[in-house]
Amino acid sequence: MDNQFFEQVIWGNTVKAYCLFGGIILLGLILKRLVFHFTKQVNNVKTVQPFTLGELLDKTFLFLIILSFFWIILRIIDFIAHVFTYKAIKSENKADDQLVPFLKELFKFVIYFIGFFVLLGYVFEVNALSLITGLGIGGIAIALAAKETLENLIASFTIFIDKPFTVGDLVKVDGIEGTVEKVGFRSTVFRSTDKTTIIIPNRAMIDGVLENLTRRNYRRVKFNIGITYETDSAMIKNIIADITRYLEEETHTTDISVTFDSFADSALNIQVLYLVEHIEFSDYLKIKEGVNFKIIDIVNQHGSEFAYPTQRTVSSEKKY
44 MDNQFFEQVI
54 WGNTVKAYCL
64 FGGIILLGLI
74 LKRLVFHFTK
84 QVNNVKTVQP
94 FTLGELLDKT
104 FLFLIILSFF
114 WIILRIIDFI
124 AHVFTYKAIK
134 SENKADDQLV
144 PFLKELFKFV
154 IYFIGFFVLL
164 GYVFEVNALS
174 LITGLGIGGI
184 AIALAAKETL
194 ENLIASFTIF
204 IDKPFTVGDL
214 VKVDGIEGTV
224 EKVGFRSTVF
234 RSTDKTTIII
244 PNRAMIDGVL
254 ENLTRRNYRR
264 VKFNIGITYE
274 TDSAMIKNII
284 ADITRYLEEE
294 THTTDISVTF
304 DSFADSALNI
314 QVLYLVEHIE
324 FSDYLKIKEG
334 VNFKIIDIVN
344 QHGSEFAYPT
354 QRTVSSEKKY
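This note's numbering puts the last residue of the sequence shown at 363; the count rises by one with no breaks.
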């Protein structure tokens, strides 16, 4: 048989891995049969202590079967999530990109929880309900430890219901800015502008000051330019008029205000204020850059100069 057949990947595993898994199960059944036959003969001999090798083997085999069963369920969840993730990428609705990873983690958490108590009940013969009710102080400690996880879980549902942001939005939380990449049932992952991965608990996303920068219609730009005191009032008026005219001709700027703002220690300050329509961040930076270059040209064309801090020292000599 062609070896390529065994290298085919199905649900994240090769055919060879599935055959190996089935072989282990079959080997366990054969081994169980042999040991059962052996222990049956040994049990005919009367001893003070009962021989429990067969029971131990039964429990071990049952443990592996249950473990394998839930492992297969988890792989099925991964496969289904992979299919829906592919569909969500093609969909224009960003909520799909956010919902699929969340449901995947939620279902896997439920499977882990159920699997744990199934193992306790069938393998270790522990009454799970009695165990939970009998924890007493230990149960209180566990509840306190799980308090934060529960709060984050509730916060994740709040995020999905209120939709303050979706995957792909640029947000700022308590001064931390980045693009949302994933919303889980415990935390939100987003990437900062310097490509750093940041993980914030969902409770902090809800309780903190959250700004959705993607949903704003405009970006505000405000700054001062300082020109020298040698510039007369007519030159200042012409500079202001040319800057205003240029910003009005720029298609992406609005609400323009260019005014003679103040007298600084070593400069005459002209305040420039305008709004840029919401576009991609890289395009926004290019528009700002273009405006700055144009302001330099306008100031130079009118024969003025940009000011910088200077000091003048005057000394006098007295003769006695």
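Here a beta-carbon is modelled for each residue, glycine too, at the ideal position from N, C-alpha and C. Note that the structure is a prediction, hence the values are computed from the model and not measured.
Nearest-angstrom beta carbon gap, THR302 and GLN314 [assumed within contact, 8 Å]: As a position in the sequence shown, residue 314 is number 271, starting the count at 1. As a position in the sequence shown, residue 302 is number 259, starting the count at 1. Distance from GLN314 to THR302 at the Cβ level is roughly 5 Å; contact confirmed, criterion being Cβ atoms closer than 8 Å.
Does the Cβ of ALA350 have 16 or more other Cβ atoms within 10 Å, making it buried, or fewer, making it exposed? To locate residue 350, count along the sequence shown from 1; it is residue 307. Classification for ALA350: buried.
Give every residue of the same chain whose Cβ lies closer than 6 Å to the Cβ of LEU318, excluding the five residues on either side of it in the sequence, and list them in chain order. Position 275 of the sequence shown, counted from the first residue, corresponds to residue 318. Counting only Cβ-Cβ distances below 6 Å, and skipping sequence neighbours, we find TYR261, ARG263, THR297 and ASP298.
Going along the chain, which residues of its own chain have a beta-carbon closer than 7 Å to the beta-carbon of ASN245, five neighbours each way excluded? Position 202 of the sequence shown holds residue 245. Once the five neighbours on either side are set aside, the close Cβ partners of ASN245 are ASN195, ALA198, SER199, ILE202, ARG229, SER230 and THR231.
Taking Cβ positions, are THR382 and GLY221 nearer each other than 8 Å? Within the shown structure, residues of the chain are numbered from 44 to 363, placing residue 382 beyond reach of any answer.
Below 8 Å on the Cβ atoms is my guess for LYS337 versus TYR272; work out the distance and round it to an integer in Å. As a first step, residue 337 must be located in the sequence shown, where it is residue number 294. As a first step, residue 272 must be located in the sequence shown, where it is residue number 229. LYS337 to TYR272, Cβ: 24 Å. No contact.
For GLU320, which three-state DSSP category applies? In the sequence shown, counting from the first residue as 1, residue 320 sits at position 277. In the three-state DSSP reduction, GLU320 falls in the strand class (E or B).
Which runs of the beta strand (DSSP E) at least 3 residues long sit entirely within the segment 279-325? Give them in chain order. Fully enclosed beta strand (DSSP E) runs of 3 or longer: 296-306 and 311-320.
Whole-angstrom distance between ILE330 and LYS151, CA atom to CA atom: Against the sequence shown, residue 151 aligns to sequence position 108. Against the sequence shown, residue 330 aligns to sequence position 287. Each residue's alpha carbon lies about 47 Å from the other.
Roughly how many whole angstroms lie between the Cα atoms of VAL153 and PHE112? The residue you call residue 153 lines up with position 110 of the sequence shown. The residue you call residue 112 lines up with position 69 of the sequence shown. Each residue's alpha carbon lies about 15 Å from the other.
Spatial neighbours of GLY251 within its chain, please: C-beta separation below 7 Å, excluding the five flanking residues on both sides. Along the sequence shown, one-based indexing puts residue 251 at 208. Cβ neighbours of GLY251 beyond the five flanking positions: VAL216 and ASP217.
Is the beta carbon of LEU311 sitting closer than 8 Å to the one on ILE279? As a position in the sequence shown, residue 311 is number 268, starting the count at 1. As a position in the sequence shown, residue 279 is number 236, starting the count at 1. LEU311 is a Cβ neighbour of ILE279, given a cutoff of 8 Å.
Can you tell which of GLY269, ASN255 and ASN343 has its C-alpha closest to the C-alpha of SER305? Translated into the one-based positions of the sequence shown, residue 305 becomes position 262. Measuring from the Cα of SER305, the nearest candidate turns out to be GLY269.
Note down, one range per segment and in chain order, each beta strand (DSSP E) of at least 3 residues found wholly within the segment 243-271. Counting only runs of at least 3 residues, the segment 243-271 fully encloses the following beta strand (DSSP E) elements, listed from N- to C-terminal order: 253-255 and 261-270.
Cutting at 6 Å between CB atoms, please list the residues of its own chain near GLU348, excluding the five before and the five after it. The residue labelled residue 348 in the question sits at position 305 within the sequence shown. If we look at GLU348 and ignore the five residues flanking it on each side, its Cβ neighbours are THR271.
Could you tell me the alpha carbon to alpha carbon distance between LYS130 and GLU332, rounded to whole angstroms? Counting from one through the sequence shown, the residue named residue 130 turns up at place 87. Counting from one through the sequence shown, the residue named residue 332 turns up at place 289. Rounded to the nearest whole angstrom, the C-alpha separation of LYS130 and GLU332 is 39 Å.
Residues that SER235 bridges to, as DSSP identifies them: As a first step, residue 235 is located in the sequence shown; it is residue number 192 there, counting from the start. BP columns for SER235 point to GLY221.
Neighbour-count burial assignment, GLN92, 16 or more Cβ in a 10 Å radius: Within the sequence shown, numbered from 1, the residue matching residue 92 stands at position 49. Below a pLDDT of 50, predicted positions are generally treated as unreliable, and GLN92, at 48, falls in that range; the measurement from the model is reported next regardless. With fewer than 16 other Cβ atoms within 10 Å, it is exposed.
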